[in-house]
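For the protein sequence lines, the chains are A and B, in the order given. Counted from 1, the first sequence has number 292 at position 292 by full-length UniProt numbering; the numbering is strictly sequential. Counted from 1, the second sequence has number 40 at position 40 by full-length UniProt numbering; the numbering is strictly sequential. C-beta: ideal position from N, C-alpha, C; glycine also. The structure appears below as structure tokens.
Number of protein chains: 2
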Amino acid sequence: MRTRSSRGALGKRLSSSDRATIHDVARRAGVSIATASRALSGRRRVTPDVADRVQRAAEELDYRPNTVAQALRGQSTRIVGMVVPGIGDPFFTQIVEAVEHDLAGSGRELLLCDSRHDPAIEARRVRALLERQVDGLVITPCDATASVPAVREAARSVPTVQMDRYVEGDVTDWVGVDDESGVNQAVAHLADRGARRVAFVGGAPAGSTARVRLEAFERAVAARPGVTVAARALGDFSVEHGRRAARELHASGDLPDAILCGNDQIAVGLLRELRAAGVRVPADVSVAGFDDIGYAALTDPPLTTVRQPVPQLATEAVRLLTAPPAPARPPCRIAVSPTLVIRASTSP
Amino acid sequence: MRTRSSRGALGKRLSSSDRATIHDVARRAGVSIATASRALSGRRRVTPDVADRVQRAAEELDYRPNTVAQALRGQSTRIVGMVVPGIGDPFFTQIVEAVEHDLAGSGRELLLCDSRHDPAIEARRVRALLERQVDGLVITPCDATASVPAVREAARSVPTVQMDRYVEGDVTDWVGVDDESGVNQAVAHLADRGARRVAFVGGAPAGSTARVRLEAFERAVAARPGVTVAARALGDFSVEHGRRAARELHASGDLPDAILCGNDQIAVGLLRELRAAGVRVPADVSVAGFDDIGYAALTDPPLTTVRQPVPQLATEAVRLLTAPPAPARPPCRIAVSPTLVIRASTSP
DNA sequence: TTGAAAGCGCTAACAC
DNA sequence: GTGTTAGCGCTTTCAA
Numbered sequence: 001m002r003t004r005s006s007r008g009a010l011g012k013r014l015s016s017s018d019r020a021t022i023h024d025v026a027r028r029a030g031v032s033i034a035t036a037s038r039a040l041s042g043r044r045r046v047t048p049d050v051a052d053r054v055q056r057a058a059e060e061l062d063y064r065p066n067t068v069a070q071a072l073r074g075q076s077t078r079i080v081g082m083v084v085p086g087i088g089d090p091f092f093t094q095i096v097e098a099v100e101h102d103l104a105g106s107g108r109e110l111l112l113c114d115s116r117h118d119p120a121i122e123a124r125r126v127r128a129l130l131e132r133q134v135d136g137l138v139i140t141p142c143d144a145t146a147s148v149p150a151v152r153e154a155a156r157s158v159p160t161v162q163m164d165r166y167v168e169g170d171v172t173d174w175v176g177v178d179d180e181s182g183v184n185q186a187v188a189h190l191a192d193r194g195a196r197r198v199a200f201v202g203g204a205p206a207g208s209t210a211r212v213r214l215e216a217f218e219r220a221v222a223a224r225p226g227v228t229v230a231a232r233a234l235g236d237f238s239v240e241h242g243r244r245a246a247r248e249l250h251a252s253g254d255l256p257d258a259i260l261c262g263n264d265q266i267a268v269g270l271l272r273e274l275r276a277a278g279v280r281v282p283a284d285v286s287v288a289g290f291d292d293i294g295y296a297a298l299t300d301p302p303l304t305t306v307r308q309p310v311p312q313l314a315t316e317a318v319r320l321l322t323a324p325p326a327p328a329r330p331p332c333r334i335a336v337s338p339t340l341v342i343r344a345s346t347s348p
Numbered sequence: 001m002r003t004r005s006s007r008g009a010l011g012k013r014l015s016s017s018d019r020a021t022i023h024d025v026a027r028r029a030g031v032s033i034a035t036a037s038r039a040l041s042g043r044r045r046v047t048p049d050v051a052d053r054v055q056r057a058a059e060e061l062d063y064r065p066n067t068v069a070q071a072l073r074g075q076s077t078r079i080v081g082m083v084v085p086g087i088g089d090p091f092f093t094q095i096v097e098a099v100e101h102d103l104a105g106s107g108r109e110l111l112l113c114d115s116r117h118d119p120a121i122e123a124r125r126v127r128a129l130l131e132r133q134v135d136g137l138v139i140t141p142c143d144a145t146a147s148v149p150a151v152r153e154a155a156r157s158v159p160t161v162q163m164d165r166y167v168e169g170d171v172t173d174w175v176g177v178d179d180e181s182g183v184n185q186a187v188a189h190l191a192d193r194g195a196r197r198v199a200f201v202g203g204a205p206a207g208s209t210a211r212v213r214l215e216a217f218e219r220a221v222a223a224r225p226g227v228t229v230a231a232r233a234l235g236d237f238s239v240e241h242g243r244r245a246a247r248e249l250h251a252s253g254d255l256p257d258a259i260l261c262g263n264d265q266i267a268v269g270l271l272r273e274l275r276a277a278g279v280r281v282p283a284d285v286s287v288a289g290f291d292d293i294g295y296a297a298l299t300d301p302p303l304t305t306v307r308q309p310v311p312q313l314a315t316e317a318v319r320l321l322t323a324p325p326a327p328a329r330p331p332c333r334i335a336v337s338p339t340l341v342i343r344a345s346t347s348p
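Spelled out as structure tokens, the structure:
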């Protein structure tokens with residue numbers, strides 16, 4: 001009468017959540033729990049007759065393995081943790097969706113955390129995930145420097161891959177797009193359409209993508225004779241920042257020929273505000289974004305943008321998480337090439 | 001030499017993920033593991049001096065409790081499972097974000113699953129969550145009838161709350177908005193603005209919200225003399241469905257005065273396509289949505305819509321999950337009143 | 001092939 | 001107030 005279930009067998013079942021354990025299955029099948037375990041897992045040969053009996057007993061009792069116990073015993077939870085700066089950002093949403101899908105395909109689950117763009121919260125969430133013995137961690141560190149300790153700590157105890165953004169130093173594997181290439185394609189496109197004075201509205205360079213895209217922008221413009229930087233507006237990767245930048249640009253009375261945005265959220269806000277101000281896109285000014293979130297095709301005019309191959313990024317990340325932990329293998333960086341999607345916001 | 005950590009103490013530490021256990025802390029502090037546990041948890045009085053020593057030992061060893069072991073022992077994982085039809089849908093994204101936030105506030109984590117609008121996948125995900133001994137489950141069942149078994153199974157073994165959609169029968173608690181009220185407000189508003197012929201573009205009534213909103217629409221129109229149903233287009237809650245409906249409506253050459261959409265995604269697609277076809281909103285036709293997702297304020301024209309108080313819904317859901325399991329308390333239904341947000345898509 | 005038993009890391013009786 | 005000990009449910013030696 002040791003287990004909760006045998007209490008149930010006495011007719012004193014306290015609640016329906018009193019589930020059958022492997023003990024119950026073994027008893028019912030008339031074998032030891034070891035044999036029951038072997039039969040159920042199929043990882044070891046068992047007499048066919050015995051296997052059948054165990055199988056049937058399990059079904060009759062509606063047996064469900066307790067994965068918590070399996071995890072404690074087997075040192076693997078089959079849970080992967082994920083920390084993103086903001087679940088609500090459509091780009092991160094896409095990534096979360098893709099990672100969850102890939103994990104589900106291999107019987108793993110996703111423990112999702114939102115750091116709310118705050119390194120302190122992020123550090124706490126990472127710690128909580130580690131205490132939960134996650135098998136791996138996917139993180140988009142919100143700050144290139146302030147997030148270093150959290151990422152380091154994660155990497156010390158569990159396979160960790162940074163996605164999209166990364167922290168300073170070669171701390172862990174990283175998967176993302178080649179921002180330089182993406183920005184280059186966008187600037188080349190804008191220049192080809194005749195833009196001479198190009199503005200950049202992006203994120204403040206606390207996160208790596210914000211910085212890298214800005215720098216790539218500067219280089220891309222500098223590399224093109226006749227093209228100059230009309231303005232830079234740095235804030236966060238939000239719709240609101242886009243709106244603000246649009247108002248300022250418009251108020252300055254000196255619109256550039258084209259505006260490249262650090263991400264689509266910014267571009268969406270910018271487009272909205274430009275329209276409200278009566279500025280015509282692309283006639284008066286061309287606008288391009290970065291990410292290709294779902295809504296990019298729905299703005300008016302539809303947004304030209306640099307598409308991130310999200311499913312591929314997710315697959316690479318999950319693959320790295322599972323990769324054989326080659327002893328002291330140096331961190332790798334996988335930069336997938338993005339493609340420019342040309343829509344009406346940059347062409348008549 | 002029983003624990004992995006004592007292996008480490010022998011200098012044979014195999015990997016840095018060889019974490020200190022409570023045994024190590026106890027040994028270092030010179031107390032028993034029970035005392036260490038008590039000191040660390042603070043749930044029982046301990047001599048101040050001893051408490052200090054344990055605390056220090058824990059810090060020095062960088063001790064982290066193993067929550068898997070705590071869960072196995074304590075019958076609580078502090079993990080809540082969540083299953084939604086589609087992570088990518090902005091409305092569900094908002095809900096996930098809000099639930100995650102509320103859970104984090106009470107030291108719990110969110111195990112997120114996407115059923116991809118498929119009852120079979122949904123059932124598998126629910127089962128996986130139950131095997132993981134989640135403390136509770138929040139689910140938006142994709143189908144009012146096909147999802148019944150999965151929801152029932154969940155409810156049998158763990159506190160479960162349905163959010164937004166629900167299945168037939170009083171199976172579990174439910175939290176959502178009062179769809180009837182929301183649709184009524186929208187129809188009243190459209191009628192007030194002079195609409196006589198009103199169309200409905202919504203979801204096929206497999207999910208509960210789709211059905212309820214459609215029925216509420218029929219009733220609301222019927223209750224208003226002079227107002228009639230111009231058309232019904234039922235599909236899924238997607239942008240694409242909205243686009244398709246707009247094309248059909250336009251091709252029919254007989255536009256209604258106003259269109260109420262089953263959700264904002266549909267409305268966004270509809271607005272896009274109407275604009276492409278040269279139909280003016282709201283001059284030629286008014287359009288209203290449901291949910292008030294972030295982009296509703298960013299469409300052109302901005303979308304009038306029924307706002308769901310997402311943070312409140314999430315808070316209620318989390319509260320119900322934690323509510324004392326009054327024995328055989330009948331399931332409750334919490335229907336929060338939504339508010340109509342009037343924007344330019346229905347008024348000049 | 002099968003069973004007995006150890007033990008994953010932790011908490012809570014139960015003694016002292 | 002502190003230590004000893006019995007498990008939580010499972011998998012995997014190690015013997016038989």
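Can you check whether the CB of residue j is closer than 8 Å to the CB of residue i?
{"i": "L130(B)", "j": "M82(B)", "result": "no"}
{"i": "V80(A)", "j": "G136(A)", "result": "yes"}
{"i": "L270(A)", "j": "A246(A)", "result": "yes"}
{"i": "T67(B)", "j": "Q75(A)", "result": "no"}
{"i": "A144(B)", "j": "D179(B)", "result": "no"}
{"i": "A314(B)", "j": "R343(B)", "result": "no"}
{"i": "A258(B)", "j": "A188(B)", "result": "no"}
{"i": "V126(B)", "j": "E153(B)", "result": "yes"}
{"i": "L274(B)", "j": "V281(B)", "result": "yes"}
{"i": "P338(B)", "j": "G182(B)", "result": "yes"}
{"i": "L255(B)", "j": "D300(B)", "result": "no"}
According to DSSP, is residue i part of a helix, a strand, or is it coil?
{"i": "I79(A)", "result": "strand"}
{"i": "I259(B)", "result": "strand"}
{"i": "D264(B)", "result": "helix"}
{"i": "T346(A)", "result": "coil"}
{"i": "residue 349(A)", "result": "Since the first and last residues shown for chain A are 1 and 348, residue 349(A) lies out of range."}
{"i": "V138(B)", "result": "strand"}
{"i": "D24(B)", "result": "helix"}
{"i": "R19(A)", "result": "coil"}
{"i": "G107(B)", "result": "coil"}
Excluding sequence positions up to five away, which residues of its chain have a Cβ less than 8 Å from the Cβ of residue i?
{"i": "A146(A)", "result": "P119, A206"}
{"i": "A98(B)", "result": "V310, P311, L313, A314, T315"}
{"i": "T140(A)", "result": "V83, V84, P85, F92, I95, Q162, M163, D164, R165"}
{"i": "R329(B)", "result": "none"}
{"i": "A128(B)", "result": "C113"}
Who are the near neighbours of residue i in its chain, counting only those whose CB is closer than 6 Å to its CB and skipping five residues on each side?
{"i": "S266(B)", "result": "It is worth fixing the name first, because residue 266(B) is Ile in this sequence and not Ser. Excluding positions up to five away in sequence, the list reads V201, H241, G242."}
{"i": "N263(B)", "result": "F237, F290, D291"}
{"i": "I293(A)", "result": "P90, F91, D264"}
{"i": "residue 397(A)", "result": "Lying outside 1 to 348, the shown extent of chain A, residue 397(A) is not represented and no answer is given."}
If you drop the 5 nearest sequence neighbours on each side, which residues of the same chain put their C-beta closer than 7 Å to that of residue i?
{"i": "R193(A)", "result": "S286, T346, S347"}
{"i": "R38(A)", "result": "R44, V46"}
{"i": "G226(B)", "result": "R196"}
- At least 3 beta-carbon pairs within less than 8 Å: the stretch 309–316 of chain A vs the stretch 221–235 of chain A: no
- Query: Which residue spans inside the stretch 273–343 of chain A form an unbroken alpha helix (DSSP H) run of at least 4?
  - Reply: 310–322
- Within the stretch 171–245 of chain A, ranges of the alpha helix (DSSP H) (whole runs, at least 4 residues): Given a length threshold of 4 residues, each whole run of the alpha helix (DSSP H) inside the stretch 171–245 of chain A is given here in chain order: 179–192, 208–222.
- Counting only runs of 4+ residues fully inside the stretch 37–103 of chain A, write out the alpha helix (DSSP H) ranges in chain order. 48–60, 67–74
- Item | Three CB pairs or more closer than 8 Å across the stretch 159–179 of chain B and the stretch 332–347 of chain B | yes
- Message: Does the contact criterion of 3 or more C-beta pairs under 8 Å hold for the stretch 14–33 of chain B versus the stretch 47–67 of chain B?
- Response: Yes: at least three Cβ pairs fall under 8 Å.
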